[in-house]
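Here the structure comes first, spelled out in structure tokens, and everything after it is commentary.
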Amino acid sequence: MEIMDRPDFQAEIRELNLAYLMLAQNMLRHDRATAMFRLGVGDELADVIEALTAAKLVRMAGSQMLIPCFRFDDAQLARLMAGEGRDVVSAGLHAAILAAGKAGGGEV
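Residue numbering for the sequence shown follows numbering that gives the first Met the number 0, starting at 0 and increasing by one per position.
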């Protein structure tokens, strides 16, 4: 595929970023502790996200980078979260436990 034929996905990235930032801000305003855990952010970043004005949300969403990112780089964890290898409930619980251990910096 030539460079001219490659989509840049800028509009899609902007929409995803904006939706993510709005969701994150809403979550933080309703239940900060749970939101911080689910988003994988600390106090300082949570403060920044909460304080963003609508204009700053839009400006930040327009960056060329995806703001949300995978919280794991482990293929086994990804497979568990997708429900592979076990029944769906067990796989989801196991994945949540592993992800929580990685988010806290510990090994599970």
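The beta carbon of each residue, even a glycine, is placed where N, CA and C say it ideally should be.
Are residue i and residue j closer than 9 Å when you measure CB to CB?
i	j	result
L27	V57	no
M59	L51	yes
A138	I48	Residue 138 lies beyond the range of the chain shown here (0 to 107); nothing can be said about it.
G39	R70	yes
A81	F36	no
How would you call residue i, buried or exposed, if buried means at least 16 neighbouring beta carbons within 10 angstroms?
i	result
A34	buried
A95	exposed
A77	exposed
G104	Note that G104 scores 47 on pLDDT, short of 50, meaning its location in the model is unreliable; the coordinates nonetheless yield the value given after this. Classification for G104: exposed.
A45	buried
With H, G and I counted as helix, E and B as strand and the rest as coil, what does DSSP make of residue i?
i	result
V47	helix
F8	coil
D30	coil
V57	helix
L17	helix
G104	Low local confidence applies: a pLDDT of 47 at G104 is under 50, so the model's placement there is unreliable, and no value is given.
Query raised in the report: Curious, which full-length alpha helix (DSSP H) runs of at least 4 residues does the region 60–85 contain?
Result: 74–80
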